[in-house]
Each structure stands twice: as C-alpha cells, then as structure tokens.
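In this text, residue positions in the sequence shown follow this note's numbering: the first is 1345, and each later residue adds one. See structure below.
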Amino acid sequence: MTATPEPPEPAAFDLDAAADQAIAACGRDAREAVKALIVAIEFLEVEADELRAAVSKGYSRGRRKPQRDRKDGTNEG
1345 MTATPEPPEP AAFDLDAAAD QAIAACGRDA REAVKALIVA IEFLEVEADE
1395 LRAAVSKGYS RGRRKPQRDR KDGTNEG
C-alpha cells in the first residue's frame, strides 16, 4: 500500500503574508488577531455542523462524519 501524498499548497498562498494581514487587521495586536481567528474558526465549525445536518443521509451515502463534541459538553450528532 502506498502512502497518500500531501496535496500541494496553492502557490499563491503565503502563510506569513496571511498572518501579517490578520495582525494588521487587528491594529497590529497579535493577541487580538489570535482571538479573532479563534472566533472565526468557531463560526465556521458551527456553520459546517449546520450544513452537515442539512445534508440527507441518502445524498451523503452514510459517509457523514460524526459532529464534533462542543466546548459546552454537548454532542449534536
């Protein structure tokens, strides 16, 4: 069995530039940038959970991943 190669990163994506942009957008405060990114990730995770719940089991052929455990201790899956 062969190992699956990692997909190449898009050439146009520069992680350092993205980090600099996030920090600049938060008034050059790295701590505020990290907090903003955490909020953004949480928003996207909630949105992904809602979309997963909206997809029918037949459409996904039963391959839906279980929803992650929430920080508040509940599991919506």
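For every residue, glycine included, the Cβ atom is placed at its ideal position computed from N, Cα and C. All figures in this text were calculated on a predicted structure; none of them were measured in a lab.
Spatial distance of residue i from residue j (CA atoms)
{"i": "A1374", "j": "L1381", "result": "11 Å"}
{"i": "D1358", "j": "E1389", "result": "23 Å"}
{"i": "A1363", "j": "I1385", "result": "15 Å"}
{"i": "R1396", "j": "Y1403", "result": "11 Å"}
{"i": "A1398", "j": "A1392", "result": "10 Å"}
Under the three-state DSSP convention, the category residue i falls into
{"i": "E1394", "result": "helix"}
{"i": "E1350", "result": "coil"}
{"i": "D1364", "result": "helix"}
{"i": "R1375", "result": "helix"}
{"i": "F1387", "result": "helix"}
Check: residue i C-beta below 6 Å from any heavy atom of the ligand MG
{"i": "F1387", "result": "With respect to small molecules bound, the structure shown includes none, and the ligand MG cannot be examined in it."}
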